[in-house]
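In the numbering used here, the protein residues as written are 1123 to 1236.
For each residue, glycine too, the CB sits at the ideal point set by N, CA and C.
Remember, predicted model here, so these are calculated numbers, not experimental data.
Worksheet: the structure to be examined is printed underneath.
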Ligand code: SF4
């Protein structure tokens, strides 16, 4: 099977094809550099995403604050993380860039103050 990607690592956006046979990567075509190859191999074998969300803040000037994970999270763990974030409630003050929580060793960082 051939999977087609547009690389998102840099603005060139190379069109990359990854050939997978019996669950193993057989060939990668179209990468102009090793960073793109690393990214696409991760996409095929263990895709990860930085997750953004909004959580309530008690006692702040605004009722909610936006947050994100400090690092990419394996896609299969995203539903569990979203359940954690749905239960998360913060107390003001919250500063931009502050680590407001930690989940499975992954920091949750505020991207807006409240
Ligand atoms: S493969 Fe390399 S050059 Fe091409 S888009 Fe990805 S990072 Fe950029």
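- For residue 1177, the closest alpha carbon among the candidates 1219, 1214, 1223, 1207 is that of 1207.
- The beta carbon of residue 1158 lies closer than 6 Å to those of 1129, 1131, 1136 in the same chain, with the five residues before and after it left out.
- Between residue 1235 and residue 1218, the gap from beta carbon to beta carbon is short of 8 Å.
- Taking the Cα of residue 1140 as reference, the smallest distance to any Cα among 1133, 1192, 1160 is reached at 1160.
- Every residue whose Cβ sits closer than 6 Å to any heavy atom of the ligand SF4 is listed here in chain order: 1129, 1131, 1132, 1134, 1135, 1136, 1153, 1154, 1155, 1157, 1158.
- Taking a contact to require three or more Cβ pairs closer than 8 Å, the stretch 1184 to 1191 and the stretch 1167 to 1176 qualify as touching.
- Scanning 1201, 1152, 1182 for the CA closest to the CA of residue 1212 turns up 1182.
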